[in-house]
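Heads up: the structure comes next, in structure tokens.
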Amino acid sequence: MASGAPKKPDWIVIVPDAASTTLEKRMGFRDAHISNLGPIIESGFLKMGGAVLSHHPKNGEAPPMKGSALIVQADSEEEIRDILAKDVYATSGVWDLDNHKALDVMPCWRSHTFHQDLRSADAKEEKVGLLIVTSHI
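For the sequence shown, UniProt numbering gives the first residue as 1, with consecutive numbering after it.
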């Protein structure tokens, strides 16, 4: 996002997996899904993303994924749907995009955490500060 451009509204988006999606199907498209995120991150659209779990896995258990959770910046729900519809999880039928939920939110603070390797099970986190958002006050 270019500096000086007006900031787009924040949204929390939940996209359920299709009823027929198995962990094997989701993981089969994961590398393509992750490798294509660069442009939508660089555009300022995608701020956070990850799997929605039915429960936190116990030691050695595969993560019971049932969808995706995103934090995005977009002008409208239509813009969100248009961008997500191009993702390989949508085009391959992993996601049930017709049943996504987009909640328009107004954050009052942000904590920045960076993952050094999105695809590594032992990804490291680095806390780098807290940004107080005051533009809506």
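The beta carbon of each residue, even a glycine, is placed where N, CA and C say it ideally should be.
The alpha helix (DSSP H) enclosing residue i, as first and last residue numbers
i	result
L25	Residue identity differs from the one stated: residue 25 is Lys in this sequence, not Leu. Run containing K25: L23 to S35, per the alpha helix (DSSP H) assignment.
E42	G38 to E42
D82	E77 to L84
Residue i and residue j closer than 8 Å at C-beta
i	j	result
L37	L46	yes
D31	V105	no
S68	G44	no
K8	D87	no
I71	I34	no
residue 215	A18	The structure shown does not extend to residue 215, since the chain is modelled only from 1 to 137, so the question has no answer here.
A62	L23	yes
Residue(s) in a DSSP beta bridge with residue i
i	result
I71	I12 and M48
D17	W95
L53	M65
Nearest-angstrom Cα separation, counted from residue j out to residue i
i	j	result
A90	P16	11 Å
H56	L103	24 Å
T21	I41	25 Å
N59	I80	35 Å
A85	G93	10 Å
D98	D82	12 Å
P6	H100	26 Å
K66	K25	12 Å
Extent of the continuous beta strand (DSSP E) run through residue i
i	result
D104	K101 to V105
Check: residue i C-beta below 7 Å from any heavy atom of the ligand MG
i	result
S43	Because no ligand of any kind appears in the structure shown, any question about the ligand MG cannot be addressed here.
Cutoff 8 Å: residue i Cβ touching any chain B Cβ
i	result
S68	Going by chain labels, chain B is absent from the structure shown, which holds only one protein chain.
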